[in-house]
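Novice: Residue numbers (the UniProt record's numbering): 1 to 348. Attaching a single structure in structure tokens format; questions to follow.
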């Protein structure tokens, strides 16, 4: 299997991953060893523990720790923190295994049992997100929101795959039928890094590949967090502001105007629920990504549905826009007029 040089090169050059450039992955301890270790199991590795130890390495308190891969209890006892091995879940003693029968932990009120990645994220995720957001200082409400969002978007499927949970459940007695297999998700790509059955499977070689798995998982995880911090969150702030100011756009409160383009669909329903106005907004007026078109879009009745909360026929659209025009702020009118003269105006 080819080494994922893109991830390795990124780790080698990015200041965010300085702690990874000197990390050692070992299977044994030497007498008089004064190093600090994050412990996990040896043998075949998986996405969850590769990500778990990597997330810990992002934090200053674990940045200088090496990785010890073993199932020897006497060696594990010398580790400061242990993930995915040992049969113990005890946050106070920094033991984070999920394989014991007694373990049923989930993230908040979600249904998927946690893997070691989910366990580390549950207990250290807020701290990790704040660290990645530096120098910005996130307030508690924003931090909690990002913590939940990143779990749903990134961590949960790793927990599900590691615990053998199917991505979908058939209704009633129906049989779940797969139309195709997904073999390129993160868990699968980490699995491919294990040496093949007919390749060198020495501890040295497996540990080298485990380090590559750490590189792969942590680069994708940090990409996901940075996307939330620098794209998803700013867009949400724009949409929330537009919704709270909707009565300045139209007296009905059913029309939201976004003066600047941003992805808005994933935020609108969440913000409606937060403000206890679910279903009240019918249309969104916004500049498209090019800045040369102004669009009106009706809101879907439900996610994934083609049904609309209120349909807008062409004749009604023209009449509706005339009414809307009276209520738009002068700055918005000027911007729309400019865009119409430059290009075109779309209604759908």
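Think of the CB as a built atom: it goes at the ideal place given N, C-alpha and C, for glycine as much as any other residue.
Sort out for me which residues DSSP pairs residue 96 with in a bridge.
Specialist: Note: residue 96 sits in a beta bridge opposite 83 and 89.
Novice: What first and last residue would you give for the alpha helix (DSSP H) that runs through residue 56?
Specialist: Element bounds for residue 56: 47-58.
Novice: At what residues does the beta strand (DSSP E) containing residue 239 begin and finish?
Specialist: Looking at the DSSP string, residue 239 is not in any beta strand (DSSP E); the run it does join, the alpha helix (DSSP H), is 233-244.
Novice: I'd like the span of the alpha helix (DSSP H) that includes residue 207, first residue to last.
Specialist: Where residue 207 is concerned, the enclosing alpha helix (DSSP H) stretches over 203-227.
Novice: Provide the residue span of the beta strand (DSSP E) that contains residue 285, from first to last.
Specialist: Unbroken beta strand (DSSP E) run through residue 285: 283-287.
Novice: Along the alpha helix (DSSP H) that carries residue 70, what are the first and last residues, could you check?
Specialist: Element bounds for residue 70: n/a, residue is neither H nor E.
Novice: Would residue 150 pass as a contact of residue 218 if the rule is Cβ separation under 8 Å?
Specialist: Going by C-beta atoms, residue 150 is not nearer than 8 Å to residue 218.
Novice: Residue 15: which of 257, 241 and 222 sits nearest, CA to CA?
Specialist: Nearest of 257, 241 and 222 to residue 15, Cα basis: 222.
Novice: At the level of alpha carbons, what is the spacing between residue 239 and residue 268?
Specialist: Spanning the two alpha carbons is a distance of roughly 7 Å.
Novice: Tell me which same chain residues have a C-beta within less than 6 Å of the C-beta of residue 48, skipping the five on either side of it?
Specialist: If we look at residue 48 and ignore the five residues flanking it on each side, its Cβ neighbours are 115, 116, 117, 158 and 162.
Novice: Which residues does DSSP pair with residue 255 in a beta bridge?
Specialist: 283, per the DSSP bridge assignment.
Novice: Under 8 Å between the Cβ atoms of residue 215 and residue 11?
Specialist: For residue 215 and residue 11, yes; Cβs fall inside 8 Å.
Novice: Does residue 343 come out as helix, strand or coil in the three-state DSSP assignment?
Specialist: Confidence is the limiting factor: at residue 343 the pLDDT is only 37, short of 50, which leaves the residue's position unreliable and the question unanswerable from this model.
Novice: Can you tell which of 263, 122 and 166 has its C-alpha closest to the C-alpha of residue 182?
Specialist: Of the listed residues, the one whose Cα sits closest to residue 182 is 166.
Novice: Run through the stretch 144-199 for me and flag every whole alpha helix (DSSP H) of 4 or more residues, listed as ranges in chain order.
Specialist: Counting only runs of 4 or more, we get 156-162 and 186-192.
Novice: At the level of alpha carbons, what is the spacing between residue 234 and residue 127?
Specialist: Their Cα atoms are separated by approximately 20 Å.
Novice: So residue 120 and residue 56 are in contact, right, with Cβ under 8 Å, and what is the actual spacing, rounded?
Specialist: At roughly 6 Å, the Cβ-Cβ gap stays under 8 Å, so residue 120 and residue 56 are in contact.
Novice: Could you spell out where the beta strand (DSSP E) holding residue 297 opens and where it closes?
Specialist: Per DSSP, residue 297 belongs to the beta strand (DSSP E) from 293-298.
Novice: Look up residue 261 in the DSSP assignment and say whether it is helix, strand or coil.
Specialist: Three-state result, residue 261: coil.
Novice: If you compare alpha carbons, which of 79, 132 and 75 is closest to residue 58?
Specialist: Closest option to residue 58, Cα to Cα, is 132.
Novice: How big is the Cα-Cα spacing for residue 200 and residue 29?
Specialist: Cα to Cα, the separation comes out at about 23 Å.
Novice: Is the stretch 196-210 touching the stretch 98-109, taking contact as three or more C-beta pairs under 8 Å?
Specialist: No, the stretch 196-210 is not in contact with the stretch 98-109.
Novice: Report buried or exposed for residue 247, applying the criterion of at least 16 other Cβ atoms within 10 angstroms of its Cβ.
Specialist: With fewer than 16 other Cβ atoms within 10 Å, it is exposed.
Novice: Does DSSP classify residue 35 as helix, strand or coil?
Specialist: In the structure shown, residue 35 sits in coil (DSSP, three-state: anything other than H, G, I, E or B).
Novice: In chain order, what residues of the same chain lie with their CB nearer than 7 Å to the CB of residue 99, ignoring the 5 residues before and after it?
Specialist: Contacts found: 87.
Novice: Expressed to the nearest angstrom, what Euclidean distance is found between the alpha-carbon atoms of residue 311 and residue 208?
Specialist: Between residue 311 and residue 208, the C-alpha separation is close to 58 Å.
Novice: Using CA atoms only, rank isn't needed, just tell me which of 243, 89, 90 and 274 is closest to residue 352.
Specialist: Because the chain is modelled from 1 through 348, residue 352 falls outside the range shown and cannot be assessed.
Novice: Any beta carbon from chain C within less than 8 Å of residue 184's own beta carbon?
Specialist: Among the protein chains of the structure shown there is no chain C, as only one such chain exists.
Novice: Where residue 148 and residue 276 are concerned, what is the direct C-alpha to C-alpha distance, given to the nearest angstrom?
Specialist: One C-alpha to the other measures close to 20 Å.
Novice: Kindly indicate which residue of 253, 142, 203 and 176 has the alpha-carbon position closest to the one of residue 237.
Specialist: Out of 253, 142, 203 and 176, 142 has the C-alpha closest to the C-alpha of residue 237.
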